[in-house]
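Taken in order, these protein sequences are the chains called X and S.
Here the first sequence is numbered in my numbering, starting from 1 and rising by one per residue.
Here the second sequence is numbered in my numbering, starting from 206 and rising by one per residue.
A virtual CB, placed ideally from N, CA and C, is assigned to each residue, including glycine.
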Amino acid sequence: MTRLQRASGLVVLLVTLVACSFGLPALSAQGPATRMLATDTVVGTTYGYVTLPAGWNLDLAASAQLQPTITQGAVSVVVSDGVWLEGSASLVRHIGDLVYDGGFTVPDDVPDDDGLLTGLTDLSAVEADLETSLAAPERQDFRITAAADAAPGDPLWIDVIRYGELITVVVVRGPQPEVAQRVDAIQAIGDSLVIDASELGEVTP
Amino acid sequence: MKELTRRRFAVPIFAPGRVAWWALVAALLWGAAQVWGGLGIGVIDFPAAAVTGLLLGALVWLAWWLLLRIPQLWGRVARSASWTAALWGALVAAGAYALPANGAMITLLAQHVSVDLAQAWGAAIAAPLTEETGKALAILAVVLVARERLRTPMDAALLAGFAGLGFTVTEDILYGFNIAYLSFGEDPVASTLIVFFMRAVLFASVSVVFSALVGAGVGFWITDRGRLRFPVGLALVVAGPLLHMLWNSPLLVALPARLAFLVAVPLLVWAAIRLVRGAEHRWFERTLAAPGALGRIPVTYVDAVKRSWWKRRSYRNDVARTFGSQALAAQRRLEAELTDLADAVAAGDQGAAAQLRQGLEARLAPPPPGTL
Numbered sequence: 001m002t003r004l005q006r007a008s009g010l011v012v013l014l015v016t017l018v019a020c021s022f023g024l025p026a027l028s029a030q031g032p033a034t035r036m037l038a039t040d041t042v043v044g045t046t047y048g049y050v051t052l053p054a055g056w057n058l059d060l061a062a063s064a065q066l067q068p069t070i071t072q073g074a075v076s077v078v079v080s081d082g083v084w085l086e087g088s089a090s091l092v093r094h095i096g097d098l099v100y101d102g103g104f105t106v107p108d109d110v111p112d113d114d115g116l117l118t119g120l121t122d123l124s125a126v127e128a129d130l131e132t133s134l135a136a137p138e139r140q141d142f143r144i145t146a147a148a149d150a151a152p153g154d155p156l157w158i159d160v161i162r163y164g165e166l167i168t169v170v171v172v173r174g175p176q177p178e179v180a181q182r183v184d185a186i187q188a189i190g191d192s193l194v195i196d197a198s199e200l201g202e203v204t205p
Numbered sequence: 206m207k208e209l210t211r212r213r214f215a216v217p218i219f220a221p222g223r224v225a226w227w228a229l230v231a232a233l234l235w236g237a238a239q240v241w242g243g244l245g246i247g248v249i250d251f252p253a254a255a256v257t258g259l260l261l262g263a264l265v266w267l268a269w270w271l272l273l274r275i276p277q278l279w280g281r282v283a284r285s286a287s288w289t290a291a292l293w294g295a296l297v298a299a300g301a302y303a304l305p306a307n308g309a310m311i312t313l314l315a316q317h318v319s320v321d322l323a324q325a326w327g328a329a330i331a332a333p334l335t336e337e338t339g340k341a342l343a344i345l346a347v348v349l350v351a352r353e354r355l356r357t358p359m360d361a362a363l364l365a366g367f368a369g370l371g372f373t374v375t376e377d378i379l380y381g382f383n384i385a386y387l388s389f390g391e392d393p394v395a396s397t398l399i400v401f402f403m404r405a406v407l408f409a410s411v412s413v414v415f416s417a418l419v420g421a422g423v424g425f426w427i428t429d430r431g432r433l434r435f436p437v438g439l440a441l442v443v444a445g446p447l448l449h450m451l452w453n454s455p456l457l458v459a460l461p462a463r464l465a466f467l468v469a470v471p472l473l474v475w476a477a478i479r480l481v482r483g484a485e486h487r488w489f490e491r492t493l494a495a496p497g498a499l500g501r502i503p504v505t506y507v508d509a510v511k512r513s514w515w516k517r518r519s520y521r522n523d524v525a526r527t528f529g530s531q532a533l534a535a536q537r538r539l540e541a542e543l544t545d546l547a548d549a550v551a552a553g554d555q556g557a558a559a560q561l562r563q564g565l566e567a568r569l570a571p572p573p574p575g576t577l
């Protein structure tokens, strides 16, 4: 290779590396981070979709990655989803541990024997599960709330919505008075959830 | 072919006199920092997934490392070059190209087109562009530091394949963390096992295949002399990102479609290997046809070095039937030494070429007239 060829090769390496590491991120940072929703808008999650209320600001980067996120004033709502096979009591504890830096409380009446893997040794229970939980799972709702010793930035509450093994969480952050003014709109987001995991064989209105 | 003694693209561990070496070191360090930036939080949240991912990643690495030795029929890539390409893939392609650029491109789609399109097609549009570019540039990085030319399309395909191997291990570990988050940390070890089984076993690390196709295309452009080198090279270069796009697209969400894809890809790889083998054979014949390259070695021995594994096996069986099984080792040695000679001639390594030629002439050439 000639010196010119080697120099050209180095330039190609450096230009593409700088373009990918800095250029594209800088370009996306220059664009709008949010977009005001003019009307109620349906946005997808990994396993379904939710309707987000008009008048809120949609976080474009997070929503593009299947994590619909909206803000209004100092209030933010993040919708995320996932999968859980065990009982709901351990589910809410796990979510609390993952999300909260400080203390949190979970409801006392969350069942721990409603998991997909519960009672696998009992064939009649498995058969019943296949007919009900898997074929037409029922919606279960739980709420995790910040405790008195919650850390700054911890969510005020997290709504956990369970359809069989598919889980959606609605994480609410912000000052209590501002959140209180928007409770209905936030509640409507969770209510609007539609599971559409057709590749998993589940479509649940 | 284990009898080959020469190795291509030896990358020096320490070469401060070469600007390209400094660029490589800087890129690896930058890539490592970026990979840690992307994966570090997962390591902290799910240490069990991290350990499981590293162990399984090492197994995937070993399996592909051995698998990528098989195509090395017409030349061996130096171990240092394989490591450099694989580390480039694992750190630079993943950390400096894919991680920052993919998210940015998907956000750009959401900003300028729509969130729906970004959700459905973002990964299918962004990843093939950034990842295949990043992995293919391993070829350039190795060639620049080693200061050697590519000889055949297989050289480039192998270097890109090793980059794909490194990339896929980093990506699999990252996916292990993603699934751990997606399952709220229910069982990080089990979820990581499932990710590796799905991606590395069931779906056969398609990342290596995509990048090797791109590498073969680049290799065709640079090394082949045939009339069709540009269309063939272009087809292969485009095939990698196109297959990657299809793989990431919503078109393949359904399992039957994905399985059909997985049946089609090996056929494509088989066709690509046939093309590459043809180019390697042409390189071998062209190189040894140069004036003085063969010395007094009869050209008929060049014809005895067949194009592919299968043709060589068949020819060796004929040799064994005609001259006895002890001739097999001699045939293999002949194939290796002539290939080494071609490599030395192509590399301009005149000392090694002369030595190899002398050894072959002593065994194969008829004595000059008047010496009997």
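Best match in the options for proximity to residue i [C-alpha to C-alpha]
i: X/Leu156; options: X/Ser76, X/Leu37, X/Leu27; result: X/Ser76
i: S/Thr335; options: S/Phe528, S/Ala301, S/Pro455, S/Ala535; result: S/Ala301
i: S/His317; options: X/Val194, X/Pro32, X/Ser21, X/Asp112; result: X/Pro32
i: S/Ala557; options: S/Ala570, S/Glu542, S/Leu304, S/Leu569; result: S/Glu542
i: S/Leu495; options: S/Leu451, S/Trp452, S/Ala551, S/Pro455; result: Reading the sequence as shown, one finds Ala at residue 495 of chain S and not Leu. S/Ala495 has its Cα closest to that of S/Ala551, out of S/Leu451, S/Trp452, S/Ala551, S/Pro455.
i: X/Val110; options: X/Pro152, X/Ile161, X/Ala148, X/Gly9; result: X/Ile161
i: X/Gln30; options: S/Met310, S/Ser319, S/Ala525; result: S/Met310
i: S/Glu485; options: S/Arg434, S/Gly497, S/Ala469; result: S/Arg434
i: S/Ala254; options: S/Ala570, S/Leu349, S/Phe401; result: S/Phe401
Check whether residue i and residue j have beta carbons under 9 Å apart
i: S/Glu566; j: S/Gly483; result: no
i: X/Ala146; j: X/Gly190; result: no
i: X/Val78; j: X/Gln67; result: yes
i: X/Val115; j: X/Val106; result: Looking at the sequence itself, residue 115 of chain X is Gly, so the reference to Val does not match. No, the Cβ-Cβ distance between X/Gly115 and X/Val106 is not below 9 Å.
i: S/Leu539; j: S/Ala549; result: no
i: S/Arg463; j: S/Leu472; result: no
i: S/His449; j: S/Val411; result: yes
i: X/Thr69; j: X/Asp81; result: no
i: S/Leu314; j: S/Ala295; result: no
i: S/Glu312; j: X/Ser28; result: As written in the sequence, residue 312 of chain S is Thr, which differs from the Glu given in the question. Contact: yes.
i: S/Ala368; j: S/Ile344; result: yes
i: X/Val92; j: X/Ser63; result: no
i: S/Leu355; j: S/Ala346; result: no
i: S/Leu363; j: S/Leu273; result: yes
i: S/Val297; j: S/Leu244; result: no
i: X/Val99; j: X/Val11; result: no
i: S/Phe489; j: S/Thr428; result: no
i: S/Gly381; j: S/Gly529; result: no
Minimum Cβ-Cβ distance from residue i to chain S less than 9 Å
i: X/Arg182; result: no
i: X/Pro25; result: yes
i: X/Asp154; result: no
i: X/Pro32; result: yes
i: X/Phe104; result: no
i: X/Gly48; result: no
i: X/Trp84; result: yes
Contact set for residue i: own chain, Cβ-Cβ below 7 Å, skip 5 residues either direction
i: S/Ala341; result: Ala365, Ser416, Val419, Gly420, Val423
i: X/Pro205; result: Reliability of the predicted coordinates at X/Pro205 is poor, the pLDDT of 45 falling under 50, and the value obtained from them is presented with this limitation in mind. Answer for X/Pro205: Val194, listed in chain order.
i: S/Arg351; result: First, the residue type needs correcting, since residue 351 of chain S is Ala and not Arg in the sequence shown. Answer for S/Ala351: Phe214, Ala215, Val216, Ala286, listed in chain order.
Chain X contact for residue i (CB, 9 Å cutoff)
i: S/Gln324; result: yes
i: S/Gly339; result: yes
i: S/Ala299; result: no
i: S/Asp321; result: yes
i: S/Tyr386; result: yes
i: S/Gln239; result: yes
i: S/Thr397; result: no
i: S/Pro446; result: no
Neighbourhood of residue i by C-beta distance below 6 Å, restricted to the same chain and skipping five residues each side
i: S/Gly445; result: Glu337, Phe415, Leu418, Val419
i: S/Arg212; result: Arg281, Ala283
i: S/Leu278; result: Met206
As assigned by DSSP and simplified to three states, the class of residue i
i: X/Gly82; result: strand
i: S/Tyr386; result: helix
i: S/Ser396; result: helix
i: X/Asp159; result: strand
i: S/Ser412; result: helix
i: X/Val106; result: coil
i: S/Thr357; result: coil
i: S/Ala220; result: coil
i: S/Thr527; result: helix
i: S/Val510; result: coil
i: X/Met36; result: strand
i: X/Asp113; result: coil
Within-9 Å CB hit, residue i to chain C
i: S/His317; result: Absence of chain C from the displayed structure is noted, the protein chains being X and S.
Residues near residue i by beta carbon distance below 8 Å, same chain, minus five either side
i: S/Tyr520; result: Ala509, Lys511, Gln536
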